[in-house]
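Visitor:
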DNA sequence: TTATTAAAAGACAAAAAGGTCTTTTGGTAA
DNA sequence: TTACCAAAAGACCTTTTTGTCTTTTAATAA
Ligand code: FES
Ligand code: FES
């Protein structure tokens, strides 16, 4: 569905937010371990997210990653776009230059509604909303991870 | 959505089927040109499809690619599985080891129905059904291709 | 039976994705 | 003010994906 970097970023940010809710600021090693991602790669990804302004960090003792409390929620469509580019769910499944109901590919009729649902999903859900769900124990963050 | 190889295979096979309907057997160069894919890469992909048994070919003058008239339709899920492996639309969007309603990730609730729709789509549609749609001029094969 | 045609086979290579590691920088706390 | 800690930066590497090209094999037609 998503590529590895997006997947790790998503899981990592949800984990960080979850810890922030508990007044904690996890570091790279902790995040990597909890989301079962490669530690160095996780570090690199988190660094990029800080540079992109999605996340904040503190160096030194007691340091780690955290969300700016003043910022609004981060819809995952923004995250996906930043990492994978705007290819998101705008393109034609068949490879036409653009997905256009006026010049539809043979998959369009059935694919367009699905694409719309996907776009709705990633627009509506945010890192924070996902973390909330995990916090309420309704959903799992890392059980049976790949 | 799909990777390049799958995309070219899909478009290529639909084009070939379309030409077969017109009693023609296109060759690699023609297919590549019509679906706007790299010629050598297209040739390699078609060769693989022949080896996989999805397609047939004839060498020499008047040669080219064609579908075995005796064979049943080819659902595109089979094509996708053969090229990309079974990763298809079985996995968890969040990266959990498996998508399981008993241990759902925070995206599951909204993503599962979408996944189901995708699986329905690729199971129901076949190379032949897609070619039919193009044949009836209802849908476009290569207008505005990437 | 030979020339021609077109696919098959497979080596090679560029680009992108995924991942590792070392060094530097900037904080914290004793 | 020193020792330590943890993120930042960036070089480097591996694997996968995407793509190119040459040589060989097989079919057809003259
Ligand atoms: S035109 Fe192909 S999916 Fe819309
Ligand atoms: S468990 Fe994640 S999509 Fe189903």
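Residue numbers (our numbering), protein chains in the order written: chain A, 230 to 375; chain B, 230 to 375.
The C-beta atom is built at its ideal place from N, Cα and C for all residues, glycine as well.
Answer with buried or exposed for residue 248 of chain A, where buried requires no fewer than 16 other C-beta atoms within 10 angstroms of its C-beta.
Guide: It counts as buried.
Visitor: If you draw a straight line from the alpha carbon of residue 375 of chain B to that of residue 233 of chain B, how long is it in whole angstroms?
Guide: Reliability of the predicted coordinates at residue 375 of chain B is poor, the pLDDT of 33 falling under 50, and the value obtained from them is presented with this limitation in mind. Distance between the alpha carbons of residue 375 of chain B and residue 233 of chain B is about 11 angstroms.
Visitor: Can you list, in chain order, the residues of its chain with a C-beta nearer than 7 angstroms to that of residue 281 of chain B? Leave out the 5 residues immediately preceding and following it.
Guide: Cβ within range, chain order: 311.
Visitor: Among the candidates B/278, B/238, B/230, B/355, whose CA atom is the shortest distance from the CA of residue 304 of chain B?
Guide: With distances taken between Cα atoms, residue 304 of chain B lies closest to B/355.
Visitor: Against residue 231 of chain B, what residues of chain A qualify as contacts under a CB-to-CB distance less than 9 angstroms, listed in chain order?
Guide: Simply 322, 323, 324.
Visitor: Starting from residue 310 of chain B and walking both ways along the beta strand (DSSP E), at which residues does that stretch end?
Guide: Counting along the chain, residue 310 of chain B falls outside any beta strand (DSSP E), though it belongs to the alpha helix (DSSP H) covering 305-313.
Visitor: Around ligand 2, what residues have a beta-carbon under 6 angstroms from a heavy atom of it, in chain order?
Guide: Checking every Cβ against the heavy atoms of ligand 2 under 6 angstroms gives B/321, B/322, B/323, B/325, B/328, B/329, B/333, B/334, B/336, B/337, B/340, B/341.
Visitor: Please go through the same chain and pick out, in chain order, the residues whose beta-carbon is closer than 8 angstroms to the beta-carbon of residue 291 of chain A, but skip the five residues on each side of it.
Guide: Correct list, in chain order: 254.
Visitor: Which residue marks the beginning of the alpha helix (DSSP H) containing residue 258 of chain B, and which one marks its end?
Guide: 257-264 is the span of the alpha helix (DSSP H), which, as asked, contains residue 258 of chain B.
Visitor: Looking at the C-beta of residue 236 of chain B, does it have a partner C-beta in chain A at a distance below 8 angstroms?
Guide: At least one chain A Cβ lies under 8 angstroms of residue 236 of chain B.
Visitor: For residue 347 of chain A, is the classification buried or exposed, using 16 other Cβ atoms within 10 angstroms of its Cβ as the cut-off for buried?
Guide: Result: buried.
Visitor: In angstroms, rounded to a whole number, what distance separates the CA positions of residue 373 of chain A and residue 289 of chain B?
Guide: The predicted model places residue 373 of chain A with a pLDDT of 36, which falls under 50 and marks its position as unreliable, so this point remains unresolved.
Visitor: Does residue 375 of chain A get closer than 8 angstroms to chain B when you measure Cβ to Cβ?
Guide: For residue 375 of chain A, the pLDDT reaches just 31, beneath the cut-off of 50, and the residue's location in the model is therefore unreliable, leaving the point undetermined.
Visitor: With a threshold of 8 angstroms between beta-carbons, can residue 244 of chain B be considered close to chain A, or not?
Guide: Chain A contact via Cβ: absent.
Visitor: For residue 239 of chain B, go through chain A and note every residue whose CB falls closer than 7 angstroms to its CB, in chain order.
Guide: Ordered by position in chain A, the residues that pass the 7 angstroms Cβ test against residue 239 of chain B are 323.
Visitor: Taking C-beta pairs closer than 9 angstroms, name the residues in chain B that residue 339 of chain A reaches, listed in chain order.
Guide: Correct list: 346, 349, 350, 353, 354.
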